[in-house]
Amino acid sequence: MLNGDVYDVRQSAAALCFPTEALIDGVSVAARDGTRFANISPGDGRCLGEVVAGNAVDIDAAVAAARAAFDDGRWRDQSVRAKKAVLHAFADTLAAHADELALLETLDTGKPIGDASTVDIPLAIDTTRYYAEALDKIYGEVAPPSPTRLSYAVNEPLGVIGAIVPWNFPLHMAMWKVAPALAMGNSVVLKPAEQSPMSAIRMGQLALEAGLPPGVLNVVPGTGEVAGQALARHMDVDMIAFTGSGVVGRLLMRYSADSNLKRVSLELGGKSPQIVFPDCPNFEAAAQAAAWAIFYNQGQVCTAASRLLVHCDVKADFVKRVIAVAKTIVPGDPLDPSTRFGAMISEAQMNTALRYIAIAEQEGAERLIGGSRVRQDSGGFYVEPTIFDAVNPNATLAREEVFGPVLGVIEFATDEQAFAIANDTVYGLAAGVWTASLERAHTAARRLKAGLVWVNGWDSCDITMPFGGFKQSGFGRDRSLHALAKYADLKAVTFTLGAAA
Ligand code: NAP
Ligand code: MG
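Given below as C-alpha cells:
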C-alpha cells in the first residue's frame, strides 16, 4: 500500500482514525480535567486532533495502575514462556498494523513515508522481537561453591518504569525502552513527546490486543513540563528511562534527587564527528555516508554526524562530492513515497535550525549549499540541506547541537589534530572514521571518546549492539542485552548450609 503513488498514500492517510486519548489501566480515557493540546502535522501545518494533555492526577492514576499490575504479579509472575509468547504476539500485532503505524508516524513528524515504513516501524518491531527472544535466556549467577553456603545473584524487575521519549523516532525510541522493561517483568508508564503522541498511543492499544494484561503498559500524552515532570517526580516510580535533550536530562536528575532517588538513564544528543583520512578506501561511499549521516531524518538524529573533519589534502575534492550528494536530497511531501527528505518536527525546531544557520554566517563560516526555509506554501516546516565550510572548531556550529540539517566542515592536517578536534566537545555519542589503515582505524577506535565508533560506514550496527553515550551524551545503554540491566535490580541471596543439624 505505502509504495504506491502519493495519491494512494493520501487516500490511506485520509481513512485513518487518529489516536488522541490516554491509555490508563487498559482503558482509553480523557484527562481528568479535560485538558487537550493541538497535535500539529509538520508536513502541512494542519491540526491532526486534540490530544489528551495529562496532568499530575492522570499520571497518578497511570502510576497506580502500573503499581497494582506489578504488585499482583499479573505480568511479572507469568512464566518466561508465557511472557515471551505475549511479546511475540505484540510484535506480530505491530507488524499487522505496520502501514497504519507508518502513516501515523509520518503525519505526526513530517518524516518521509518511505523512512517510516522501511526504517522506523520495522526497527520498532525488531526491537520488540529481540527482547521477546531474550527474556528466557537471562540467567542469574551462582557464587563459587562452598560447603557451608549457597549464594546466588538474581535479576529482579525494578517495578514501575517511567519512559519519556522524543519525537525524532517516536515508536522506535519508545520500543527501545518499553520492550526491555516489559521483558524484565516491569510495568511501564510511557510519556510520548508532545509533537508525536499518536504511534505511542496506538502501540499501547495494540499491546492490549496482543494479550498484555491491562495496567502493565500505560500511555499518558501531555507536555513535558506537566506530565513528564509529574512522572519523573513521582514517589512510586522506580526508574526514568529518557531520550532527549541535555537540558531535560539535568532536570530529571534533579527531580530524582528531590523525590525518591529513582534511577535515571539518559540518552542525550551529540555533536558527532565523521573523520575522513586521506587513505579513505572509498571516497564516493564516504561522501554518501557524510551527507546522509547529517541529512537523514532532516538532521534530527542524536547520532547525526554534524561535524565533518576532512584531511586538508583531500578536502576540496571530498567536499565537492558531499555537495553533489546533498543536491540530490530535495525536501518534498512526506506522504510521497519518492520523498527522501521531509519536514522538520515543528515550527520551533525549524526556527532553531535557521537561527544556527544565521549564527554560522555571522561567525564567518562559508555557506556552500542550502540555508533557507523552503516549501512554505505547503504550510509545513522545511529547511534545505545546508553545508558550511571553514567552520572554526570553537564556533557555535562546531559546539552546539543543532538537531537540524546543518553540516559544518572542519579541516585537519594530522591524526593527532583530528582526534583532538573530534574529542573537543562536551558530547560523546558517536564518531566515524574512514581509513584503509588497520593501525589508524584501531588507534582511532581507542582514542575517540564516544559510545559508538564506526569504521568505514555510518550507523552500521543494529539492535544487537549497545547504544549510548560517553560524557554529556548520557549514561545507561539502550539496545542489546546490556539494556536489560537497567530495568532490573541484582539481588544476592545466601543460604547457610547445615544450620538444621
Ligand atoms: P526535550 O525537551 O528533551 O524532549 C524530550 C522529552 O522530554 C519529551 O517527551 C518532552 O515532552 C519531555 N520533557 C520536556 N520537558 C520535561 C520536563 N521538565 N520533565 C520531564 N519531561 C520533559 O527535547 P525537545 O524540546 O523536543 O528538543 C530540544 C532539543 O533536544 C533538540 O533540539 C535536540 O537537541 C534534543 N533532542 C535530542 C534527542 C535525542 O535523540 N537525543 C531527541 C529529541 C531532541 P514535550 O514533548 O512536551 O516537550
Ligand atoms: Mg505531531
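Heads up: the sequence shown begins at 0 in numbering that gives the first Met the number 0, then just goes up one per residue. From the three backbone atoms N, C-alpha and C, an ideal C-beta is built for every residue, glycine too.
Span of the beta strand (DSSP E) around residue i
i      : result
ALA201 : According to the sequence provided, residue 201 is Arg. The question's Ala does not apply to it. Segment 197–208 is the alpha helix (DSSP H) holding ARG201; no beta strand (DSSP E) there.
LEU93  : It is not in any beta strand (DSSP E) - LEU93 instead sits in the alpha helix (DSSP H) that spans 79–95.
LEU189 : 186–190
PHE36  : 35–39
ASN350 : Counting along the chain, ASN350 falls outside any beta strand (DSSP E), though it belongs to the alpha helix (DSSP H) covering 346–361.
MET238 : 238–242
LEU480 : Element bounds for LEU480: n/a, residue is neither H nor E.
LEU451 : 451–454
ALA256 : Premise fails: ALA256 lies in the alpha helix (DSSP H), 245–257, not in any beta strand (DSSP E).
ALA430 : 429–433
According to DSSP, residues forming a beta bridge with residue i
i      : result
VAL309 : VAL275, GLU410
LYS136 : Bridge partners of LYS136: none, in fact.
THR493 : SER150
PRO330 : PHE340
ILE386 : ILE368, LEU406
ASN217 : VAL188
PHE469 : PHE469 pairs with nothing; no bridge assigned.
LEU22  : SER27, VAL218
SER264 : ALA240
ASP488 : GLU155
TRP457 : Looking at the DSSP assignment, TRP457 forms no beta bridge with any residue, so it has no partner.
ALA162 : LEU189, ALA240
GLY48  : ASN38
VAL141 : TYR151
TYR129 : Note: TYR129 sits in no beta bridge, so no partner.
VAL373 : TYR381
Proximity test, residue i beta-carbon vs the ligand NAP heavy atom, cut-off 8 Å
i      : result
GLN297 : no
GLN375 : no
GLU172 : Here residue 172 turns out to be Met, not Glu, going by the sequence shown. Indeed, a heavy atom of the ligand NAP lies less than 8 Å from the Cβ.
LEU250 : yes
VAL247 : yes
TYR254 : yes
ALA499 : no
LEU267 : yes
TRP166 : yes
PHE294 : no
GLU208 : no
SER150 : no
SER244 : yes
ALA30  : no
THR222 : yes
ALA192 : yes
THR108 : no
GLN348 : yes
ALA449 : no
Proximal residues to residue i (C-beta, below 6 Å), its chain only, five neighbours per side dropped
i      : result
ALA115 : ALA101, GLU104, THR105
GLY184 : ARG75, PRO156
ALA63  : none
LYS485 : SER264, GLY475
HIS87  : ALA131
GLU193 : THR222
Residue i - containing alpha helix (DSSP H), residue span
i      : result
GLU283 : 282–294
TRP175 : 169–182
GLU438 : 437–446
VAL8   : 5–13
THR395 : 395–398
PHE69  : 55–70
GLN228 : 228–231
Below-9 Å beta-carbon distance, residue i vs any chain B residue
i      : result
TRP457 : Of the chains in the structure shown, none is chain B; there is only one protein chain.
Chain-order list of residues whose beta-carbon lies under 7 Å from that of residue i (same chain, five-residue window excluded)
i      : result
ASP488 : GLU155, LEU157
LEU480 : ALA133
ALA90  : ILE124, THR127, ARG128, ALA131
SER371 : GLU383
ARG339 : PRO111, GLY113, ILE328
Residue i: CB within 8 Å of a non-hydrogen atom of the ligand SAM
i      : result
CYS301 : The ligand SAM is not part of the structure shown, which contains the ligand NAP and the ligand MG as its ligands.
Contacts around residue i, its chain only, beta-carbon distance under 8 Å, and the 5 residues preceding and following it disregarded
i      : result
GLY509 : Residue 509 falls outside the range modelled here, since the chain spans only 0 to 500, and no answer is possible.
Cβ pair count under 8 Å reaching 3, the segment 359–374 against the segment 389–401: yes
At least three beta-carbon pairs within less than 8 Å, the segment 449–462 to the segment 242–254: no
Meets three-Cβ-pair contact criterion under 8 Å: the segment 213–222 and the segment 17–29: Using a C-beta cut-off of 8 Å, the segment 213–222 makes contact with the segment 17–29, since at least three inter-stretch Cβ pairs fall below that distance.
The segment 167–186 in contact with the segment 26–39 per 3-pair CB rule at 8 Å: At 8 Å Cβ cutoff, the stretches do not touch.
The segment 69–85 / the segment 129–136 touching (three or more Cβ pairs under 8 Å): yes
Contact the segment 237–246 vs the segment 262–270: 3+ CB pairs below 8 Å: yes
Any 3 or more C-beta pairs closer than 8 Å across the segment 467–477 and the segment 437–449: yes
Touching by the beta-carbon criterion (3+ pairs, under 8 Å), the segment 400–418 and the segment 338–357: yes
Stretch pair the segment 407–425 + the segment 309–329: three plus CB contacts closer than 8 Å: yes
Contact between the segment 231–243 and the segment 271–280 (3+ Cβ pairs under 8 Å): At 8 Å Cβ cutoff, the stretches do not touch.
Touch test, the segment 190–207 against the segment 137–152, Cβ-Cβ under 8 Å, three pairs minimum: no
Any 3 or more C-beta pairs closer than 8 Å across the segment 225–240 and the segment 50–64: yes
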